[in-house]
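Colleague:
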Amino acid sequence: MTQPVSEFKSKSGLGRILPAMGYALAGLKAAAKNEHAFRQELVVVAIGTVFALVLPISAYQKLLLIGMLVFVLIVELFNSAIEAIVDRVSLERHPLSKNAKDMGSAAVMLAIFLAVAVWVVVLFTRFY
Numbered sequence: 008m009t010q011p012v013s014e015f016k017s018k019s020g021l022g023r024i025l026p027a028m029g030y031a032l033a034g035l036k037a038a039a040k041n042e043h044a045f046r047q048e049l050v051v052v053a054i055g056t057v058f059a060l061v062l063p064i065s066a067y068q069k070l071l072l073i074g075m076l077v078f079v080l081i082v083e084l085f086n087s088a089i090e091a092i093v094d095r096v097s098l099e100r101h102p103l104s105k106n107a108k109d110m111g112s113a114a115v116m117l118a119i120f121l122a123v124a125v126w127v128v129v130l131f132t133r134f135y
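Adding 7 to a residue's 1-based position in the sequence shown gives its number in our numbering.
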């Protein structure tokens with residue numbers, strides 16, 4: 008028996024990039040629509056990005072601060088994907104399902120801690 012293969016796997020160039028971009032945008036739209044935490048983080052990213060852009064810091068520091076905010080969104084997207092897969096497999100409570108969801112949440116928490124630490128260090132070294 009052969010494994011099912013995406014019709015886009017054999018395509019290259021724009022024939023593959025354009026549909027992939029569409030899927031990526033659909034994923035962002037789904038996260039914004041269905042994930043409360045993602046929407047909250049989007050607000051923080053928007054405010055933080057504006058704040059970082061107006062700070063009197065180097066372009067590299069601005070990029071680092073904004074990059075850390077985007078990193079949190081990336082990890083949140085992975086966490087949401089894990090949760091969706093677990094729920095798709097079964098809605099019944101199971102220790103492995105709990106572990107998967109808890110580990111995804113832990114990854115988000117660590118990403119947030121790292122982002123906060125980077126922001127604190129950049130701001131502290133600039134203003135003190």
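The beta-carbon is built from N, C-alpha and C at its ideal position, and this holds for glycine as well.
All values reported here derive from a predicted model rather than from experimental measurement.
So, using beta-carbon positions, are Thr-61 and Ile-119 closer together than 8 Å?
Modeller: Per the sequence shown, the amino acid found at residue 61 is Val instead of Thr. Cβ atoms of Val-61 and Ile-119: not closer than 8 Å.
Colleague: Please state if the CB of Val-52 and the CB of Leu-32 are separated by a distance shorter than 8 Å.
Modeller: no
Colleague: Since Val-2 and Val-123 should fall inside the 8 Å C-beta cutoff, what is the C-beta to C-beta distance between them, to a whole number of angstroms?
Modeller: Any question about residue 2 goes unanswered here, given that the chain covers just 8 to 135.
Colleague: Fully enclosed by the region 41-124, which alpha helix (DSSP H) runs are 4 residues long or longer?
Modeller: 43-61, 66-96
Colleague: Give the C-beta separation of Ser-87 and Phe-45 to the nearest angstrom, bearing in mind that I take them to be a contact with Cβ-Cβ under 8 Å.
Modeller: 6 Å between Cβ atoms; contact.
Colleague: Give me the Cα-Cα distance between Met-110 and Leu-121, rounded to the nearest whole angstrom.
Modeller: 16 Å
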